[in-house]
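Report on the structure given below.
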Amino acid sequence: MRKTIIQKITYIFLFLVLITPQIIAQHLMYEVPLSQQVKNASLIIEGEVIGKRSYWNADNTKIFTINTVEVFKVFKGEPIKLVEVITKGGTVGLNSHRVNPSLKLRIGDVGVFMLETHSVSFESSKGFGIPSFKPYSSKQGFYKYSLEENLVVNPFRIRKNISGAFYQELKNVTKTNFDEVKKYDIDVVIFEKKSKLSKILATTITGFSPAISTAGTKSVLTITGTEFGTAQGTGVVEFKNADDGGATFIEALATEVLNWSDTEITVEIPSDAGTGIIRVDPDGNAEPVASQFTLTISYAQINVTSDAVDSEVEVAYQTQHTNLHAPTGGIEWNMNTDFNEDVNFPGAKASFEKAMETWRCETGVNWTISNNPVPNDSAESDDVNVITFSNGDTGNLGACTSYFSGCFINGGTDVQWYVNEIDIVFNSAVSWYTGTETPGGSEHDFESVAVHELGHGHQLGHVIAPGTAIMHYAFDKGDAFRMLSSDDIDGANDVHSRSTSIDVCSTIRSEGVMADYAGVCPTTSLDNHLLDEGISIYPNPTELEFRIENSTQLNLQNAEVYDATGRLLIQKELNGLSGSAPFDVTYLSQGLYFVKIIADEGSTTKRFLKK
């Protein structure tokens with residue numbers, strides 16, 4: 000498939016040095032202040048997720064996950080020992096729903112929950128008579144503890160010192176002390192974790208390979224070291240969490256750990272893994288041992304996690320598209336009637352069409368938009384791929400929901416999964432910019448958000464790649480980032496390759512594989528292809544300098560070097576370069592860097608390693 004470039008961007012993502020609190024930007028979210036959360040939440044608790052199970056709602060149109068939380072402290076509301084937190088998405092049998100963004104909890108997660116009453120009715124009586132709630136302000140309604148670092152992590156802010164600064168902040172806003180339901184001393188828990196580290200100090204990570212890989216693709220990472228233990232047991236391998244920019248870690252599933260010996264571990268890189276250090280905890284409940292170097296994740300793909308084969312074993316499965324709507328050969332979308340007529344935000348329709356064109360003209364994904372608008376204005380499993388404005392969760396700019404169907408293969412020992420519907424709902428309460436220039440500082444760029452969310456629909460997950468990838472987890476209002484990087488394209492092409500070659504679940508469906516998009520694409524993609532393919536940097540890795548080589552007929556004007564956190568470090572004028580030019584990097588520290596090379600026609604981004 001054709002490659003693309005990154006559009007000329009005038010902004011720089013600033014990933015601040017960790018302070019209290021650290022401020023983070025988020026795709027498809029706007030910040031809900033703590034004071035507003037406290038005011039609107041009916042129950043505020045500190046607790047730990049001790050169980051979870053997914054169920055259909057009563058109408059069989061949505062899947063929700065019921066997360067059972069053991070309560071330690073109550074900051075607002077009546078004391079209670081257990082609560083159920085209802086989150087969007089989940090897997091039931093051979094059906095799975097994934098909502099981006101939404102709160103995804105894991106067993107063992109500890110933190111503070113901002114909760115409100117919910118109106119979800121399930122297909123039958125679920126739970127055990129435990130009071131149930133939903134998170135107020137979606138993902139922002141959970142303040143997750145990172146016990147190893149003594150941090151509180153929320154989509155927009157990271158706070159230091161759980162028992163000190165964070166507890167006091169909550170008390171200041173609630174105007175009251177907390178009620179202790181179960182003894183849970185944060186400082187003692189942190190101390191005990193660090194104490195266990197002394198028992199495994201002999202464990203070391205000496206290296207891993209490859210240094211650059213992908214997530215959710217069955218890519219295998221080989222970790223070498225000492226004293227891992229002769230068998231996995233309760234041991235875990237941890238990766239940076241791409242959904243929060245690496246502020247926390249996620250564990251690989253037990254089924255993703257392929258081999259475990261005293262000196263080597265091989266593990267499939269999980270779907271939500273992002274760029275950063277990796278960790279190994281041979282104990283499973285101690286202070287993990289971290290790698291010295293960074294694993295770079297260039298792209299991530301969405302997986303379905305299911306226990307359909309064995310109810311005791313969770314497995315991560317890859318997904319793909321199919322010829323969902325014959326005779327189109329792919330997926331046909333329907334705009335809501337008001338969206339189609341530009342009733343809510345004039346220009347949104349054209350912006351969305353341009354965002355869709357970006358994906359299908361660069362990857363060949365066969366998406367078309369029906370000429371027949373629909374009244375549907377919500378995300379639910381109804382065989383309609385709706386694009387609409389509607390009232391969404393407080394704090395969310397919108398959401399992309401992927402619906403999956405599965406089938407057993409190989410005598411019931413394996414499962415294939417495919418996308419059977421996608422819905423994208425934008426929040427009508429948000430101030431959207433729908434033009435083609437740069438949005439105002441208080442506006443959210445509609446096309447940028449649409450391109451990102453369509454990336455989720457393409458089955459791409461988040462990455463940590465500030466300023467270089469449309470699937471980077473964070474985005475700020477006032478910015479316009481509308482084009483794809485080569486990594487975005489590579490990840491999408493891999494999904495599309497499966498979608499056009501593997502006739503998934505052919506025993507229960509006869510429509511066949513997805514066909515390539517056959518529509519007309521703008522000629523500007525030719526220049527994009529030339530830039531991406533015709534620009535190279537060498538040597539790479541480098542110690543003193545690298546050279547930019549231009550083998551195209553396009554004139555290069557500027558080059559910019561960014562570090563892995565998105566900070567602009569070097570700017571250099573190339574003045575219409577048509578050959579090669581040196582770039583001095585002697586004073587840079589060892590690590591991964593990105594060089595953005597700008598021409599009159601656009602720009603491309605390359606990465607290099609400084610030795």
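Numbering that gives the first Met the number 0 numbers the first residue of the sequence shown as 0 and each following residue consecutively. Note that CB positions come from ideal geometry on N, CA and C, so glycine has one too. As the structure is a computational prediction, the values presented were derived from the model and not from experiment.
For residue i, the first and last residue of its enclosing alpha helix (DSSP H)
| i | result |
| --- | --- |
| L169 | 166-173 |
| I408 | Looking at the DSSP string, I408 is not in any alpha helix (DSSP H); the run it does join, the beta strand (DSSP E), is 397-408. |
| M113 | Run containing M113: none in the alpha helix (DSSP H); it sits in the beta strand (DSSP E), 109-115. |
| E361 | 347-362 |
| R497 | 485-500 |
| N339 | 336-339 |
| V212 | For clarity, residue 212 is Ser in the given sequence; the question names Val instead. First-last for S212: 211-214, but that is the beta strand (DSSP E), not the alpha helix (DSSP H). |
| V36 | Inspection of the sequence shows that residue 36 is occupied by Gln rather than by Val. 33-39 is the span of the alpha helix (DSSP H), which, as asked, contains Q36. |
Length of the line joining the Cα atoms of residue i and residue j
| i | j | result |
| --- | --- | --- |
| K605 | I469 | 15 Å |
| A24 | A479 | Low confidence applies to A24: its pLDDT is 47, below 50, so where it sits in the model is not reliable, and the reading given next is rough at best. Their Cα atoms are separated by approximately 14 Å. |
| S297 | Y144 | 27 Å |
| V519 | T367 | 12 Å |
| Q552 | E147 | 53 Å |
| G611 | D184 | As shown, the chain starts at 0 and ends at 610. That puts residue 611 outside it, with no answer to give. |
| L543 | V584 | 6 Å |
| L104 | V48 | 7 Å |
| T90 | F71 | 28 Å |
| P281 | E191 | 16 Å |
| S260 | F227 | 7 Å |
| L608 | L568 | 15 Å |
| G394 | N426 | 9 Å |
| D475 | G434 | 17 Å |
| E263 | S194 | 25 Å |
| V84 | T603 | 44 Å |
| S496 | G363 | 10 Å |
| I11 | K80 | Per-residue confidence for I11 stands at a pLDDT of 29, beneath the threshold of 50, marking its modelled position as unreliable; no derived number is given. |
| I22 | E30 | Bear in mind that a pLDDT of 49 at I22, under 50, signals an unreliable position, so the model cannot answer this. |
| T202 | Y402 | 42 Å |
Contact belief for residue i with residue j at Cβ below 8 Å, rounded distance in angstroms
| i | j | result |
| --- | --- | --- |
| T318 | I301 | 6 Å |
| F278 | P287 | Looking at the sequence itself, residue 278 is Arg, so the reference to Phe does not match. That belief holds up - the Cβ atoms of R278 and P287 are roughly 4 Å apart, short of 8 Å. |
| A598 | L555 | 5 Å |
| C504 | Q570 | Actually they are not in contact, since the Cβ atoms of C504 and Q570 sit about 51 Å apart, beyond 8 Å. |
| T64 | G50 | Not confirmed; about 11 Å, so no contact. |
| T289 | L459 | One point to set straight first is that residue 289 is Ala, not Thr, in the sequence displayed. With 8 Å as the limit, A289 and L459 do not qualify as a contact, their Cβ atoms being about 27 Å apart. |
| V98 | G273 | Not quite, the Cβ-Cβ distance comes to about 19 Å (not below 8 Å), so this is no contact. |
| L453 | V429 | Not confirmed; about 18 Å, so no contact. |
| P154 | K170 | No, P154 and K170 are not in contact; Cβ-Cβ is about 22 Å, not under 8 Å. |
| G328 | C399 | Going by Cβ atoms, the distance from G328 to C399 rounds to 22 Å, so no, they are not a contact pair. |
| Y592 | V560 | 6 Å |
| L42 | K75 | 6 Å |
| T254 | V312 | 6 Å |
| D549 | S588 | Here residue 549 is Asn; the residue named in the question, Asp, does not match the sequence. 28 Å between Cβ atoms; not a contact. |
| V82 | I44 | 7 Å |
| N365 | D515 | 6 Å |
Proximity to residue i [Cα-Cα], best of the options
| i | options | result |
| --- | --- | --- |
| N176 | D309, D382, V73, N149 | V73 |
| V256 | G275, K239, G232, I276 | G232 |
| A349 | G88, P374, I386 | I386 |
| H451 | K353, V308, D309, W55 | K353 |
| V37 | K103, F545, F155, G140 | G140 |
| E168 | V151, P374, V180 | V151 |
| E122 | S41, T205, S447, I62 | I62 |
| T265 | I204, S380, D309, Q291 | I204 |
| L323 | S404, M113, D271, G275 | S404 |
| Y135 | T86, E436, D562 | T86 |
| A40 | T173, V98, K103 | T173 |
| D306 | L567, N56, S95 | S95 |
| A57 | P581, H471, E379 | E379 |
| E446 | A347, D271, G88 | A347 |
| P374 | D309, M334, L102 | M334 |
| I617 | S484, T295, G590 | There is no way to answer for residue 617, as the model of the chain reaches only from 0 to 610. |
| T223 | G533, S310, F292 | F292 |
| A241 | D531, F388, P100 | P100 |
| H471 | G477, D493, V448 | V448 |
| S498 | A201, N419, T437 | N419 |
| Y142 | N539, G110, K159, F238 | G110 |
| G234 | L573, A285, G440 | A285 |
Bounding residues of the beta strand (DSSP E) (the contiguous stretch that carries residue i)
| i | result |
| --- | --- |
| T90 | 89-91 |
| G456 | Per DSSP, G456 belongs to no beta strand (DSSP E); it is in the alpha helix (DSSP H), 445-456. |
| L608 | 601-609 |
| A580 | 579-583 |
| A299 | 295-299 |
State whether the segment 484-496 contacts the segment 333-343, with contact taken as three or more CB pairs (one from each stretch) at a distance under 8 Å.
no
Pair every Cβ in the segment 344-364 with every Cβ in the segment 406-420, then say whether three or more of these pairs are closer than 8 Å.
no
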